[in-house]
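> Right, I'll just put the structure down here and ask away after.
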Ligand code: ADP
């Protein structure tokens, strides 16, 4: 079980207090001991000094008996042991023992050091007294000559008893101080841990989604500011949560009511969300458990699209049939590696498109026969009509021709738009196509005095295309170049660029303003109606071009500057050679 805040904090305080007290006691005791020994040594040194002065006379007179008496009397009065030895270490007087019975003291550490260095001290066991003693010794001089050593000493147990009393005092003081510190520490710990416990509990509840948590602390609490901030944070969280919930509800409703079928799939292939429409399309029960997408969407085509997006992260678009309805399916990768599937029912649009196309084909077919007949009769009439009416006949002929052109172009477009429209592809030399097309326009080029340049790259690979359709593309583009160029030249270029063959038709004509670029491929879209009509234009030429190029999996690019000219580039992929 986790330790509570209180026990953790209090243990820390306890550890610090006990450690600090221990260190303080240890050093105080050591200092006191050193100080005490120093003071005693000093005291013994002073005694030695006095005794040295007084004992000199006895030594000069070799009056050792009286010296011993004097030392015994002094030792008794000051309650300390005093010993006097001669320069050889022979004991001459001693306050506690009979000097005659005492062994030679020349080997005692304090005495030998005093004889050598002028001062000796040691704390050791006394063989004479069988006690631990502190000794201080200094030499007694007669001029330069050392005639003896005076030594004073004190029982170590007197030092010990002083230290013992100090130890007792310091331990009592320490216990009192530690107790006071511990009381303060526990008060302080309680003051901190209570609010902390409250905060922990509240934070735990917030983490479980309960944002209504509030912490009320006393003004004096050290965590008051923190708790106020916590309260305002939970307020903000609660309002953000409400906002997010309402936005999520809105989003859910929106997704649910969308006319498209929508599904969100995780990177592991689990279906995370589906809307009502997709449930209806695939007959999925209202409550569905997060299942693998292939078990819910029983359509191999759609599952293949999802699989592709999941593995490549690329968007996919395709049409498929489900229960006699046509759906436009698109899959794309969204945030967090999720794949979104959208199904749009395009059955009605397809049906309308089909009706439109059939209508256009039918009308065109119905019109073509009478129009051809009218054109034939107009040509027959040409010879017999009076001079003054011939201009009306010309107008009639021009309009009829335009109508025939429109009908033909509409039929071509309808044919190209058919799903099953087939291209008869073969390898064709670009030179052949270009030469076939330019021949048609030789007469018009001459009449308009427009120069023609053909620049075809050497060793250009053959174009794998439907030659009839590709000629149609170049005829329409060349026809436009010639229609909208009054002076200058037309250049046809053919080059290889990477994996594509590019055929460009460049003129020095009136050009097209940028604003029309987007719409130029729309049916019946013309920049200048009267000019187009004057030249017999139908507004369908570029639509046909675009359809044919796209059927060849190519693309078309227009670049033009008003009054300078137009360049149309047709890109056909080389890859189609291998089809
Ligand atoms: P149209 O039969 O009227 O030429 P298109 O679909 O071929 O119809 O062309 C659409 C319009 O684009 C034309 O009406 C014309 O205004 C413009 N256009 C096409 N090619 C050129 C060109 N080479 N120079 C200038 N304008 C052009």
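Numbering (my numbering), first residue to last: 1325 to 1903.
Glycine residues also receive a C-beta, built at the ideal position from the N, C-alpha and C atoms.
Can you round the beta-carbon distance between residue 1461 and residue 1435 to whole angstroms, since I take them to be within the 8 Å contact cut?
Numbered from its first residue, the chain shown carries residue 1461 at position 137. Numbered from its first residue, the chain shown carries residue 1435 at position 111. Indeed they touch by this definition, with Cβ atoms about 5 Å apart.
> Give the straight-line distance between the Cα atoms of residue 1527 and residue 1556, rounded to the nearest whole angstrom.
As a working mapping, residue 1527 is identified with position 203 in the chain shown. As a working mapping, residue 1556 is identified with position 232 in the chain shown. So the two alpha carbons sit approximately 13 Å from each other.
> With 16 other CB atoms within 10 Å as the buried threshold, where does residue 1596 fall?
Within the chain shown, residue 1596 is the residue found at index 272, counting from 1. With fewer than 16 Cβ atoms within 10 Å of its Cβ, residue 1596 is classed as exposed.
> Just curious, the alpha helix (DSSP H) that residue 1752 is in, first and last residue?
Numbered from its first residue, the chain shown carries residue 1752 at position 428. Residue 1752 -> not in any alpha helix (DSSP H); beta strand (DSSP E) instead, spanning 1750–1752.
> Could you name the residues that DSSP lists as bridge partners for residue 1788?
Taking the chain shown and counting its residues from 1, the one referred to as residue 1788 is at position 464. Residue 1788 pairs with 1751.
> Considering only residues of the same chain and omitting the five flanking positions on each side of residue 1824, which have a CB-CB separation below 7 Å?
Here residue 1824 corresponds to residue number 500 of the chain shown, with the count starting at 1. Closer than 7 Å at the Cβ level, and outside the excluded window around residue 1824, lie 1895, 1896, 1897, 1898.
> Roughly how many whole angstroms lie between the Cα atoms of residue 1724 and residue 1831?
The sequence position of residue 1724 within the chain shown is 400, counting from 1. The sequence position of residue 1831 within the chain shown is 507, counting from 1. So the alpha carbons of these two residues sit roughly 29 Å apart.
> I'd like to confirm the pairing. Which residues does DSSP put opposite residue 1826 in its beta bridges?
Counted from its first residue, the chain shown places residue 1826 at position 502. Partner(s): 1819, 1895.
> Between which two residues does the alpha helix (DSSP H) holding residue 1646 run?
For the purposes of this step, residue 1646 is identified with residue 322 of the chain shown, where counting begins at 1. From DSSP, residue 1646 is part of no alpha helix (DSSP H) but of the beta strand (DSSP E) over 1640–1646.
> Mind checking which residues open and close the alpha helix (DSSP H) that includes residue 1386?
The residue you call residue 1386 lines up with position 62 of the chain shown. Residue 1386 -> no alpha helix (DSSP H), and no H or E assigned at all.
> Would you kindly report the start and end of the unbroken alpha helix (DSSP H) that includes residue 1584?
Start at 1 with the first residue of the chain shown, and residue 1584 comes out as number 260. First-last for residue 1584: undefined, no H or E at that position.
> Alpha carbon to alpha carbon, how far is residue 1872 from residue 1858? Give it in angstroms, no decimals.
Counting from one through the chain shown, the residue named residue 1858 turns up at place 534. Counting from one through the chain shown, the residue named residue 1872 turns up at place 548. C-alpha separation (whole angstroms): 26 Å.
> Output needed for residue 1519: all residues of its chain with C-beta closer than 7 Å, excluding positions within five of it in sequence on either side, in chain order.
Walking along the chain shown from the start, residue 1519 turns up at place 195. Taken in chain order, the residues that qualify are 1541, 1545, 1547, 1551.
> Does DSSP put residue 1333 in a helix, in a strand, or in coil?
For this step, residue 1333 is matched to residue 9 along the chain shown. Looking at residue 1333 - three-state DSSP - the assignment turns out to be helix.
> The beta strand (DSSP E) with residue 1475 in it runs from where to where?
By one-based count along the chain shown, residue 1475 stands at place 151. Its beta strand (DSSP E) spans residues 1469–1479.
> Mind checking residue 1870: buried by the 16 CB within 10 Å criterion, or exposed?
One-based indexing of the chain shown puts residue 1870 at position 546. Under this definition residue 1870 is a buried residue.
> In the DSSP output, which residue or residues are listed as bridge partners for residue 1779?
Numbered from 1 along the chain shown, position 455 holds the residue referred to as residue 1779. Per DSSP, 1817.
> Rounded to whole angstroms, what is the Cα-Cα separation between residue 1883 and residue 1891?
The count along the chain shown starts at 1 and reaches residue 1883 at position 559. The count along the chain shown starts at 1 and reaches residue 1891 at position 567. The straight-line gap from Cα to Cα measures roughly 5 Å.
> Could you please give the first and the last residue of the uninterrupted beta strand (DSSP E) stretch that includes residue 1444?
Taking the chain shown and counting its residues from 1, the one referred to as residue 1444 is at position 120. 1444–1450 is the extent of the beta strand (DSSP E) around residue 1444.
> Is residue 1617 a contact residue of ligand 1, with contact defined as CB to any heavy atom under 7 Å?
Against the chain shown, residue 1617 aligns to sequence position 293. Residue 1617: no, Cβ never under 7 Å from ligand 1.
> Identify whether residue 1808 lies in helix, strand or coil by the three-state DSSP scheme.
The sequence position of residue 1808 within the chain shown is 484, counting from 1. Three-state result, residue 1808: coil.
> Taking the alpha carbon of residue 1472 as the reference point, which residue from 1375, 1534, 1604 has its own alpha carbon closest?
Taking the chain shown and counting its residues from 1, one reaches residue 1472 at position 148. Of the listed residues, the one whose Cα sits closest to residue 1472 is 1375.
> Are residue 1843 and residue 1863 touching if we call contact CB-CB under 8 Å?
In the chain shown, the residue the question calls residue 1843 occupies position 519. In the chain shown, the residue the question calls residue 1863 occupies position 539. Taking 8 Å as the Cβ cut-off, residue 1843 and residue 1863 do not qualify as a contacting pair.
> Would you say residue 1735 touches ligand 1, meaning its beta carbon is less than 7 Å from a heavy atom?
One-based indexing of the chain shown puts residue 1735 at position 411. It does not: the Cβ of residue 1735 is nowhere closer than 7 Å to a heavy atom of ligand 1.
> On the premise that residue 1353 lies in contact with residue 1494, defined as a C-beta separation below 8 Å, what is that separation, rounded to the nearest angstrom?
Position 170 of the chain shown holds residue 1494. Position 29 of the chain shown holds residue 1353. Their Cβ separation, rounded to whole angstroms, is 6 Å, which keeps residue 1494 and residue 1353 in contact under 8 Å.
> Tell me the rounded alpha-carbon separation between residue 1767 and residue 1583.
Along the chain shown, one-based indexing puts residue 1767 at 443. Along the chain shown, one-based indexing puts residue 1583 at 259. If I take the Cα positions, the gap works out to 58 Å.
> Considering only residues of the same chain and omitting the five flanking positions on each side of residue 1720, which have a CB-CB separation below 7 Å?
Taking the first residue of the chain shown as 1, we reach residue 1720 at position 396. Result list for residue 1720: 1702, in chain order.
> Kindly examine ligand 1 and report whether one of its heavy atoms sits closer than 7 Å to the Cβ of residue 1831.
Residue mapping note: residue 1831 aligns to position 507 of the chain shown, counting from 1. Within the cutoff, so yes.
> Check each candidate in 1804, 1742, 1754, 1739 and name the one with the smallest Cα separation from residue 1769.
Taking the first residue of the chain shown as 1, we reach residue 1769 at position 445. The candidate whose alpha carbon is nearest that of residue 1769 is 1804.
> Would you call the region 1775–1783 in contact with the region 1813–1824, where contact means no fewer than 3 C-beta pairs closer than 8 Å?
Touching, per the Cβ criterion.
> Reducing DSSP to helix, strand and coil, say where residue 1397 ends up.
Looking up residue 1397 in the chain shown gives position 73. Residue 1397 falls in the helix class under three-state DSSP.
> In whole angstroms, what is the alpha-carbon distance linking residue 1332 and residue 1338?
Your numbering for residue 1332 matches position 8 in the chain shown. Your numbering for residue 1338 matches position 14 in the chain shown. Answer to the nearest angstrom: the Cα atoms are 10 Å apart.
> Cα separation between residue 1517 and residue 1539?
Translated into positions along the chain shown, residue 1517 becomes position 193. Translated into positions along the chain shown, residue 1539 becomes position 215. Between the alpha carbons of residue 1517 and residue 1539 lies a gap of roughly 14 Å.
> Mind checking whether residue 1404 and residue 1371 have CB atoms under 8 Å apart?
Taking the first residue of the chain shown as 1, we reach residue 1404 at position 80. Taking the first residue of the chain shown as 1, we reach residue 1371 at position 47. In this structure, residue 1371 lies closer than 8 Å to residue 1404 by Cβ.
> Express the C-alpha separation of residue 1466 and residue 1417 in angstroms, rounding to a whole number.
As a first step, residue 1417 must be located in the chain shown, where it is residue number 93. As a first step, residue 1466 must be located in the chain shown, where it is residue number 142. Taking the straight line from one Cα to the other gives about 18 Å.
> Using beta-carbon positions only, say whether residue 1398 and residue 1478 come within less than 8 Å of one another.
Position 74 of the chain shown, counting from 1, holds the residue named residue 1398. Position 154 of the chain shown, counting from 1, holds the residue named residue 1478. Taking 8 Å as the Cβ cut-off, residue 1398 and residue 1478 do not qualify as a contacting pair.
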